[in-house]
Amino acid sequence: MSTQSRISIVGYGRVGLPLAERLVELGYNVSGTVTRLEKCDALNARALKTSVLKFTPEPEGDLDAAFNADILIVTVPPSRESSAHFTAIMQRIADEAEGHGVQKVLLISTTSVYLQTGEVVREEDASHESDAFLGIAWLPIEELFTGNASFSTTVVRFSGLMGRGINPGLYFAGRELKGPDSLVNMIHVDDCVGIMTAIIEQGAWGEVFNGSADQHPAKRDFYTQACIKSDLPAPVFISEASPYRIVNSDKVKSQLGYRFKYPDPMKGF
Numbered sequence: 001m002s003t004q005s006r007i008s009i010v011g012y013g014r015v016g017l018p019l020a021e022r023l024v025e026l027g028y029n030v031s032g033t034v035t036r037l038e039k040c041d042a043l044n045a046r047a048l049k050t051s052v053l054k055f056t057p058e059p060e061g062d063l064d065a066a067f068n069a070d071i072l073i074v075t076v077p078p079s080r081e082s083s084a085h086f087t088a089i090m091q092r093i094a095d096e097a098e099g100h101g102v103q104k105v106l107l108i109s110t111t112s113v114y115l116q117t118g119e120v121v122r123e124e125d126a127s128h129e130s131d132a133f134l135g136i137a138w139l140p141i142e143e144l145f146t147g148n149a150s151f152s153t154t155v156v157r158f159s160g161l162m163g164r165g166i167n168p169g170l171y172f173a174g175r176e177l178k179g180p181d182s183l184v185n186m187i188h189v190d191d192c193v194g195i196m197t198a199i200i201e202q203g204a205w206g207e208v209f210n211g212s213a214d215q216h217p218a219k220r221d222f223y224t225q226a227c228i229k230s231d232l233p234a235p236v237f238i239s240e241a242s243p244y245r246i247v248n249s250d251k252v253k254s255q256l257g258y259r260f261k262y263p264d265p266m267k268g269f
């Protein structure tokens, strides 16, 4: 992929911002969006081209700055404010990409598109019967983009994020949890950036990839360690089972030649 390609990242967040920084290091022409003016000013002061854009679900901000690009990277996480309208927001983003002549889309999705059967799941195993994540059914959202013939979309489905200030233990500290022996699926933000960069560099469009660390520790081991590392009270586990899935990421390794920087989540704190 030529570094002259214009790349726009809708959502300079936990993944989008470090991705932008990496792509700029590699010489790409990158811009991105945030939802708050003060963050926009701070990033522009760091020489990261940034504009303000938010959806309510109607867009508020500079659409041309966000969508005049060859490659559009969509890293828009749902929030309390947006969850009720999230599908409409993503539909609008797909429509704007088409209207602005975007050629390639890289969409960040989630491994919640897989059923929790306790078995290994691969890219072809996504199901419309999977549980909603934050109240959102993600497979239909993927299809808003993959079903649009105006551009070529690659979807990357990430597991739970960790690293770069993201503390997975924070959400469970001191709480009572089921399924101590259920296996967890995690990915370090540095590996999110590495996988997305590999997709762009290799021009791997029209694909679906999983992004989840090679190893899958038990829930009890992982979240206890996460809390200990952060001086937080450990969760209290009860013996009742809880459903889980084991996300396989062999495709990013075989097709992109990617090697995880943090293959063991227990060593990624």
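For the sequence shown, position 208 (counting from the first letter as 1) is numbered 208 according to the UniProt record's numbering, and the numbering increases by one without interruption. The beta-carbon is built from N, C-alpha and C at its ideal position, and this holds for glycine as well.
Report task. Check each candidate in 42, 123, 186, 141 and name the one with the smallest Cα separation from residue 167. Result -> Comparing C-alpha distances from residue 167 to each of 42, 123, 186, 141 shows the shortest one belongs to 186.
Query raised in the report: Can residue 112 and residue 130 be called in contact, C-beta distance under 8 Å?
Result: yes
Report task. Check whether the stretch 219-233 touches the stretch 188-198, taking contact to mean three or more Cβ pairs, one atom from each stretch, closer than 8 Å. Result -> In this structure the stretch 219-233 does not lie against the stretch 188-198, because fewer than three pairs of beta carbons, one per stretch, are closer than 8 Å.
**Report entry** Coil, strand or helix - residue 270 by DSSP
**Finding:** No information on residue 270 is available, as it lies outside the stretch 1 to 269 that the chain covers here.
Query raised in the report: Near residue 230, what residues of its chain come up, given a Cβ to Cβ distance below 6 Å and the 5 sequence neighbours on each side ignored?
Result: 167, 169
Query - Range covered by the beta strand (DSSP E) that runs through residue 60 - result: 59-61
**Report entry** Span separating the alpha-carbon of residue 69 from that of residue 188
**Finding:** 28 Å
**Report entry** CA nearest to the CA of residue 26, picked from 91, 242, 5
**Finding:** 5
Report task. Taking all protein chains shown into account, decide if residue 56 is buried (16 or more other Cβ within 10 angstroms of its Cβ) or exposed. Result -> Classification for residue 56: exposed.
Query raised in the report: Which whole-angstrom value is the C-beta distance of residue 236 and residue 121, which I expect to be below 8 Å?
Result: About 29 Å separates the two Cβ atoms, so there is no contact after all.
Query raised in the report: Would a C-beta distance cut-off of 8 Å place residue 242 and residue 206 closer than the cut-off?
Result: In this structure, residue 206 does not lie closer than 8 Å to residue 242 by Cβ.
Query - Collapsed DSSP secondary structure at residue 85 in the structure displayed - result: helix
Report task. Would you kindly work out how many angstroms separate the C-alpha atoms of residue 51 and residue 92, rounded to a whole number? Result -> 18 Å
Report task. Would you kindly check if the distance between the Cβ of residue 77 and the Cβ of residue 162 is under 8 Å? Result -> no
Query raised in the report: Quick one: is the Cβ of residue 250 within less than 7 Å of any heavy atom of the ligand GDP?
Result: Only the bare structure without any ligand can be found here, which leaves the ligand GDP out of the picture.
Query raised in the report: Should residue 223 go down as buried or exposed, given a rule of 16 or more other Cβ atoms within 10 Å for buried?
Result: buried
**Report entry** Paired residues, beta bridge with residue 155 - DSSP
**Finding:** 107, 208
Requested in this report: Compare the C-alpha of residue 144 against each of 183, 87, 165 and name the closest.
Outcome: Residue 87 holds the alpha-carbon nearest to the alpha-carbon of residue 144 among 183, 87, 165.
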